[in-house]
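Right, one structure below, let's go through it.
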Amino acid sequence: MEHRLPLSIYYEDTDFSGLVYHANYLKYFERGREHVLGRDKLVGMWRTTGIGFVVYRAELTFKEGAQFGDELEIVTIPELKSEFRIEFKQSVWRVAGKSAMVEGLITLVCVNRENKLVRLPDEVLALGRA
Numbered sequence: 027m028e029h030r031l032p033l034s035i036y037y038e039d040t041d042f043s044g045l046v047y048h049a050n051y052l053k054y055f056e057r058g059r060e061h062v063l064g065r066d067k068l069v070g071m072w073r074t075t076g077i078g079f080v081v082y083r084a085e086l087t088f089k090e091g092a093q094f095g096d097e098l099e100i101v102t103i104p105e106l107k108s109e110f111r112i113e114f115k116q117s118v119w120r121v122a123g124k125s126a127m128v129e130g131l132i133t134l135v136c137v138n139r140e141n142k143l144v145r146l147p148d149e150v151l152a153l154g155r156a
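Be aware that the sequence shown starts at 27, since it is given in this note's numbering, and climbs by one per residue.
Structure below.
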């Protein structure tokens with residue numbers, strides 16, 4: 027299931043050239059994943075079970091840079107890869123744009139408080155199958 031999150035680009039997001047600094051796209055993708063998973067659920071999961079998400083793998087492809095003042099959408103599509111990994115296909119689009127500006131493939135796993143790999147929670151497994 028595809029999820030969309032609006033995003034405005036501010037001056038603070040840009041580098042000396044006026045384009046969004048490349049590392050900021052990782053932050054935008056994180057916001058998109060939080061939107062899908064639910065911030066309250068993530069915090070609650072950590073507090074009650076000691077399970078949290080970590081990035082296992084991140085790939086980015088840059089096609090066009092966003093600029094100060096752009097109105098964008100972060101598109102996030104979760105896909106379950108195993109009971110231990112969930113992958114998020116993510117992209118940045120200008121509102122009413124015809125092609126993705128940046129594409130990302132982010133893989134998450136869950137760890138416990140001892141930083142040991144654990145199975146994804148049932149509600150996340152269900153999300154990845156949707």
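Don't be surprised by glycine CBs; every beta carbon is placed ideally from N, CA and C.
Because the structure is a prediction, the values reported are computed rather than measured.
In the same chain as Gln93, and ignoring 5 residues on each side of it, the C-beta atoms closer than 8 angstroms to its own belong to Ile35, Thr40, Gly44, Leu45, Val46, in chain order. Between the region 116-125 and the region 62-82, the count of Cβ pairs shorter than 8 angstroms is below three; the stretches do not touch. The straight-line gap separating the alpha-carbon atoms of Phe110 and Arg65 is approximately 20 angstroms. Residue environment: Met27 is assigned as exposed (fewer than 16 neighbouring CB atoms within 10 Å of its CB, all protein chains considered). Judged by DSSP secondary structure, Phe114 falls within the beta strand (DSSP E) whose first and last residues are 111-120. When secondary structure is reduced to three states using DSSP, Tyr82 falls in the strand class.
Taken through DSSP and simplified to helix, strand or coil, Arg30 comes out as strand. Between Leu86 and Tyr51, the C-beta spacing is below 8 angstroms.
Sequence-distant Cβ neighbours of Gly58 in its own chain, meaning closer than 6 angstroms and more than five residues away, are Leu31, Ile100, Thr102, Gln116.
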